[in-house]
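This report refers to the structure that appears directly beneath it.
Number of protein chains: 2
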Amino acid sequence: MTWIHDALKRLPTCDQSAAAAVHTRAAQVLRPNGALRWLDEVAEWIAGWHHTAMPRIQAPAGLIFAADHGVAAATEISAYPTGVTEAMFNAYRQHRSTITAFARLAGAQVTAVDVGIGVPTGDIRYEAALDEARFADVVEAAVAAVDALDTDLLVLGEMGIGNTTPSAAVAAALAGGETAAWVGRGTGIDDDGLERKRVAVQEAVRRIAGITDPIEVLREVGGAELVALAAATVAARLRSIPVMLDGYVVTAAVLPLATIEPTALDHCMVGHCSAEPGHRRLLDRLGKRPLLDLDMRLGEGSGAMAAVPLVAMACAGISEVPTFDEWFDGSG
Amino acid sequence: MTWIHDALKRLPTCDQSAAAAVHTRAAQVLRPNGALRWLDEVAEWIAGWHHTAMPRIQAPAGLIFAADHGVAAATEISAYPTGVTEAMFNAYRQHRSTITAFARLAGAQVTAVDVGIGVPTGDIRYEAALDEARFADVVEAAVAAVDALDTDLLVLGEMGIGNTTPSAAVAAALAGGETAAWVGRGTGIDDDGLERKRVAVQEAVRRIAGITDPIEVLREVGGAELVALAAATVAARLRSIPVMLDGYVVTAAVLPLATIEPTALDHCMVGHCSAEPGHRRLLDRLGKRPLLDLDMRLGEGSGAMAAVPLVAMACAGISEVPTFDEWFDGSG
Numbered sequence: 070m071t072w073i074h075d076a077l078k079r080l081p082t083c084d085q086s087a088a089a090a091v092h093t094r095a096a097q098v099l100r101p102n103g104a105l106r107w108l109d110e111v112a113e114w115i116a117g118w119h120h121t122a123m124p125r126i127q128a129p130a131g132l133i134f135a136a137d138h139g140v141a142a143a144t145e146i147s148a149y150p151t152g153v154t155e156a157m158f159n160a161y162r163q164h165r166s167t168i169t170a171f172a173r174l175a176g177a178q179v180t181a182v183d184v185g186i187g188v189p190t191g192d193i194r195y196e197a198a199l200d201e202a203r204f205a206d207v208v209e210a211a212v213a214a215v216d217a218l219d220t221d222l223l224v225l226g227e228m229g230i231g232n233t234t235p236s237a238a239v240a241a242a243l244a245g246g247e248t249a250a251w252v253g254r255g256t257g258i259d260d261d262g263l264e265r266k267r268v269a270v271q272e273a274v275r276r277i278a279g280i281t282d283p284i285e286v287l288r289e290v291g292g293a294e295l296v297a298l299a300a301a302t303v304a305a306r307l308r309s310i311p312v313m314l315d316g317y318v319v320t321a322a323v324l325p326l327a328t329i330e331p332t333a334l335d336h337c338m339v340g341h342c343s344a345e346p347g348h349r350r351l352l353d354r355l356g357k358r359p360l361l362d363l364d365m366r367l368g369e370g371s372g373a374m375a376a377v378p379l380v381a382m383a384c385a386g387i388s389e390v391p392t393f394d395e396w397f398d399g400s401g
Numbered sequence: 070m071t072w073i074h075d076a077l078k079r080l081p082t083c084d085q086s087a088a089a090a091v092h093t094r095a096a097q098v099l100r101p102n103g104a105l106r107w108l109d110e111v112a113e114w115i116a117g118w119h120h121t122a123m124p125r126i127q128a129p130a131g132l133i134f135a136a137d138h139g140v141a142a143a144t145e146i147s148a149y150p151t152g153v154t155e156a157m158f159n160a161y162r163q164h165r166s167t168i169t170a171f172a173r174l175a176g177a178q179v180t181a182v183d184v185g186i187g188v189p190t191g192d193i194r195y196e197a198a199l200d201e202a203r204f205a206d207v208v209e210a211a212v213a214a215v216d217a218l219d220t221d222l223l224v225l226g227e228m229g230i231g232n233t234t235p236s237a238a239v240a241a242a243l244a245g246g247e248t249a250a251w252v253g254r255g256t257g258i259d260d261d262g263l264e265r266k267r268v269a270v271q272e273a274v275r276r277i278a279g280i281t282d283p284i285e286v287l288r289e290v291g292g293a294e295l296v297a298l299a300a301a302t303v304a305a306r307l308r309s310i311p312v313m314l315d316g317y318v319v320t321a322a323v324l325p326l327a328t329i330e331p332t333a334l335d336h337c338m339v340g341h342c343s344a345e346p347g348h349r350r351l352l353d354r355l356g357k358r359p360l361l362d363l364d365m366r367l368g369e370g371s372g373a374m375a376a377v378p379l380v381a382m383a384c385a386g387i388s389e390v391p392t393f394d395e396w397f398d399g400s401g
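These protein sequence lines are chains A and B, in that order. If you use the numbering used here, the first sequence corresponds to residues 70 to 401, in order. If you use the numbering used here, the second sequence corresponds to residues 70 to 401, in order.
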């Protein structure tokens with residue numbers, strides 16, 4: 070029994086009355102009823118988790134978990150060498166990266182958290198990615214990272230050379246179907262590398278065939294940043310902070326939560342649909358519609374951060390626009 | 070021969086070398102090649118019109134043209150009375166509207182321009198929407214409105230109760246096909262109203278069956294704000310200002326430009342795909358892919374304004390992120 074298992078049993082629910090108040094106000098605001106449809110639903114979603122009928126996004130924050138992977142160190146499954154994880158991590162910290170450029174425009178702070186750079190996980194083909202002690206340490210670090218934030222919208226991202234391979238293993242193990250359908254080119258691996266990825270994922274999935282606990286699956290064939298993402302998602306829920314999920318890796322990382330508790334991702338939206346083919350399949354399975362569909366495949370939380378202004382606009386469309394009655398009373 | 074006809078013969082083209090420089094830099098920036106794919110193309114597009122290899126969006130501006138329609142005054146083709154045009158216009162001016170709330174978050178100024186509120190156009194079923202003198206006046210006002218702006222990204226929007234009817238008439242007359250396929254519910258007309266819209270559009274299109282000049286079609290069955298939108302689009306092009314188009318009405322308004330000169334909309338992107346069914350058909354015809362697809366159907370430029378942060382991010386992804394060489398030289 071891990072912290073995640075325990076927390077999943079005591080998840081807070083959203084404030085239905087706040088969401089309902091936004092639903093009512095949306096029909097009265099100074100525009101045709103239903104003109105913003107989906108964005109009004111986004112505002113309802115924020116309202117429910119913020120416990121307010123007048124939602125606003127004022128302090129979005131990005132959290133990027135970075136780690137290295139034993140399977141990537143052992144066999145060539147990525148277009149990039151594992152050392153790139155650390156180089157990118159430094160770029161995030163020095164605000165010299167795509168995600169930090171996006172975040173500046175979204176008015177968001179970005180924190181990059183090292184949960185295993187240069188300390189690769191076990192090679193998932195042959196052994197558990199994380200033993201129980203390291204799993205617990207990573208969960209603790211992720212929860213602490215969330216608890217250190219003062220934010221009203223948490224954007225989750227990741228960096229870890231090779232991490233679409235463990236993501237595919239988690240997805241294949243929990244969602245089933247053809248293993249190959251969960252394996253894509255990641256940052257752009259060639260045909261031979263793609264075949265190595267497929268084989269690696271098949272070996273990992275076969276190795277854990279007897280394991281049924283989704284969190285154990287994550288520990289066995291995931292990776293440190295994937296575990297951190299799952300823990301951070303739960304930690305945000307405990308504080309009623311809405312979460313914007315990013316692409317394939319982030320979505321695969323939280324799949325174990327929804328597999329155990331179908332309502333576990335109610336506080337999450339998905340920022341974008343990645344060009345990594347498995348992502349759309351995962352989103353269909355989770356019943357999540359992505360706000361953006363821009364052919365992005367970067368990770369770093371970039372697709373989720375790109376969606377933040379839309380959430381802020383959705384809330385402003387409720388809280389900063391008068392109703393017909395307010396407008397005509399005020400001006401008439 | 071109108072100002073629009075004349076201007077369409079002397080359109081500036083984009084700076085191919087600036088766009089090519091962005092294309093080259095996009096492949097060197099500190100992320101996997103192709104990871105932002107479409108957003109990199111958006112940055113190339115801005116670079117080409119801004120004549121710079123390091124594009125940035127720093128002063129987006131919205132321009133909303135508002136007017137009333139004779140056909141809406143004469144028969145019930147909208148869910149709202151024509152007086153709402155003026156009420157909404159006042160809301161834009163006082164920053165108490167959806168578009169102004171969105172614009173604040175996008176860092177944009179919004180200017181609302183009255184090109185015929187309370188001065189309805191002719192009923193397009195029986196007469197020209199605008200005579201030649203009024204057409205010229207509206208064009209002049211629109212060009213002046215664009216020329217008064219200091220902006221690096223122009224967002225075009227509109228307000229005019231009933232204006233999806235003239236939009237459908239312009240689209241049907243120029244793009245052909247089943248008239249009914251161009252007619253949707255606008256702000257939410259009921260079944261009877263939808264049928265009245267169809268009949269009105271059919272009557273208007275039939276009335277101008279002999280007219281082949283697309284600008285004449287716009288003058289005959291369009292509306293004042295549609296003419297203004299077409300003129301503003303051309304005026305922006307003459308100043309090499311990129312334009313973000315909004316929904317069905319804006320796209321229908323610029324269709325005559327592309328019908329005369331296929332490159333006339335090269336400086337335009339489309340912010341979103343509207344829930345008004347004719348919009349997707351128009352976008353397919355124009356070969357434009359919308360950045361957003363959020364089921365919106367508001368007008369006001371709201372869908373275009375919602376896309377502005379994405380354009381700013383696309384540019385920042387080129388101009389504010391180092392290349393691999395810059396990064397490793399600087400830190401190594």
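All C-beta atoms, glycine included, are put in the ideal place defined by N, C-alpha and C.
Bridge partners of residue i, per DSSP?
i, result
"CYS337 (chain A)", "A:VAL312"
"ILE277 (chain B)", "Paired residue(s): none; ILE277 (chain B) is not in a bridge."
"VAL91 (chain A)", "Bridge partners of VAL91 (chain A): none, in fact."
"MET228 (chain B)", "B:ALA135"
"ASP183 (chain A)", "A:ALA135"
"PRO325 (chain A)", "Beta-bridge pairing links PRO325 (chain A) to no other residue."
"LEU222 (chain B)", "B:PRO129"
State yes or no: is the beta carbon of residue i nearer than 8 Å to at least one beta carbon in chain A?
i, result
"PHE171 (chain B)", "yes"
"PRO378 (chain B)", "yes"
Is it buried or exposed for residue i, if we count other Cβ within 10 angstroms and need 16 for buried?
i, result
"PRO311 (chain A)", "buried"
"GLY401 (chain B)", "Bear in mind that a pLDDT of 43 at GLY401 (chain B), under 50, signals an unreliable position, so the number given afterwards is only what the model happens to contain. Answer is exposed; the Cβ neighbour count stays below 16."
"GLY370 (chain B)", "buried"
"ALA278 (chain A)", "exposed"
"THR190 (chain A)", "buried"
"LYS78 (chain A)", "exposed"
"THR58 (chain B)", "Nothing about residue 58 (chain B) can be reported from this structure: the residues present for chain B run from 70 to 401 only."
"SER236 (chain A)", "buried"
"GLY322 (chain B)", "It is Ala, not Gly, that sits at residue 322 (chain B) in the sequence shown. Its Cβ being crowded by 16 or more others within 10 Å, ALA322 (chain B) is buried."
"ALA241 (chain B)", "buried"
"PHE158 (chain B)", "buried"
"HIS138 (chain B)", "buried"
"ALA128 (chain A)", "exposed"
"HIS341 (chain A)", "buried"
"SER166 (chain A)", "buried"
"GLU227 (chain A)", "buried"
"PRO124 (chain A)", "buried"
Is the CB of residue i under 8 Å away from at least one CB in chain B?
i, result
"ASP362 (chain A)", "yes"
"ALA148 (chain A)", "yes"
"PRO101 (chain A)", "yes"
"ALA160 (chain A)", "yes"
Can you list the residues of chain A that residue i reaches, using a CB-CB cut of under 8 Å?
i, result
"ARG106 (chain B)", "ALA344, LEU363, ASP364, MET365 and ARG366"
Output, in chain order, the set of chain A residues within a Cβ distance shorter than 9 Å of residue i.
i, result
"MET382 (chain B)", "THR167, ALA170, PHE171, LEU174, ALA175, SER371, MET374, ALA375 and PRO378"
Can you list the residues of chain B that residue i reaches, using a CB-CB cut of under 9 Å?
i, result
"ALA385 (chain A)", "THR167, ALA170, PHE171, ARG173 and LEU174"
Within the present structure, is the beta-carbon of residue i separated from the nearest heavy atom of the ligand HEM by less than 7 Å?
i, result
"TRP107 (chain A)", "Among the components of this structure there are no ligands whatsoever, and the ligand HEM is therefore not found."
Could you name the residues of the region 389-400 of chain B whose beta carbon sits closer than 8 Å to any beta carbon of chain A, in the order they occur along the chain? Only GLU389, VAL390, PRO391, TRP396, PHE397 and SER400 from the region 389-400 of chain B bring a Cβ to less than 8 Å from some Cβ of chain A.
Along the region 121-133 of chain A, where does the CB come closer than 8 Å to a CB of chain B? Name the residues. Taking 8 Å as the Cβ-Cβ cut-off against chain B, none of the residues of the region 121-133 of chain A qualify.
Give me the subset of the region 256-268 of chain B whose CB atoms are less than 7 Å from a CB atom of chain A, sorted by chain position. Those residues of the region 256-268 of chain B that come within reach of chain A (Cβ to Cβ, closer than 7 Å) are THR256 and GLY257.
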